[in-house]
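In the working numbering, the protein residues as written are 1074 to 1255. C-beta atoms are modelled at their ideal positions from N, C-alpha and C, and glycine is treated no differently. If you're wondering where the values come from, they're calculated on a predicted model, not measured in any experiment. Below is one structure, written out as structure tokens; comments come after it.
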């Protein structure tokens, strides 16, 4: 969202809160002139105006303070949720932009003429694309987990095959990885 739209939205929210506060202040009070017509005729100033909270009524002051604090907290919660969503969207967009180049490289493999290209060149190209992708994903925070020569943990590892151990200490150790974890 642009700064201008964000500012306009924030100003609109403030206006709504101000109008709600004014309504709540007015709804809880009565106008002396409406209830007692002689009060307005006396020419005496009203003790309480409808624009100001009852300063000598601590319950009204605390209620108004509570309502303002609750509205402020609600606005904070909504703003942080919106900012978090925007940050996630920007992060995803940045990652997608970085992935375009390796994806284009993979698409070029589909147009390689097998009659004129040897397999060594294709393998080297695939390895180069793999390195590009790994570099991008590592910069995004992805870590490769390679448990070779670590103790086998059935909660983390999935056994596909077994091999006889050369030594007793090599028993229950991951010997080969068929698919890396991340």
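Selection from 1175, 1252, 1156, 1238 that minimises the alpha carbon distance to residue 1217: For this step, residue 1217 is matched to residue 144 along the chain shown. When each option's Cα is compared against that of residue 1217, the closest is 1252.
Spell out a yes or no on whether the region 1219-1234 and the region 1183-1190 are touching, meaning 3 or more CB-CB pairs, one atom from each, closer than 8 Å. No, they do not touch.
Using three-state DSSP, classify residue 1195 as helix, strand or coil. Here the question's residue 1195 lines up with position 122 in the chain shown. If DSSP states are grouped into helix, strand and coil, residue 1195 belongs with the helices.
For my contact list, residue 1174 and residue 1208 are in at a C-beta cut-off of 8 Å; report their separation, rounded to the angstrom. As a first step, residue 1174 must be located in the chain shown, where it is residue number 101. As a first step, residue 1208 must be located in the chain shown, where it is residue number 135. Not a contact, Cβ separation roughly 11 Å.
Taking only the alpha-carbon atoms, compute the straight-line gap between residue 1109 and residue 1136 and give it to the nearest angstrom. Here residue 1109 corresponds to residue number 36 of the chain shown, with the count starting at 1. Here residue 1136 corresponds to residue number 63 of the chain shown, with the count starting at 1. Only weak support exists for where residue 1109 lies, its pLDDT of 47 falling under 50; the value from the coordinates is given anyway. Each residue's CA atom was taken as its position, placing residue 1109 and residue 1136 some 27 Å apart.
Between 1229, 1215, 1214, which lies nearest to residue 1221 when the distance is taken from Cα to Cα? As a working note, residue 1221 is residue 148 in the chain shown. Cα-wise, what sits closest to residue 1221 is 1229.
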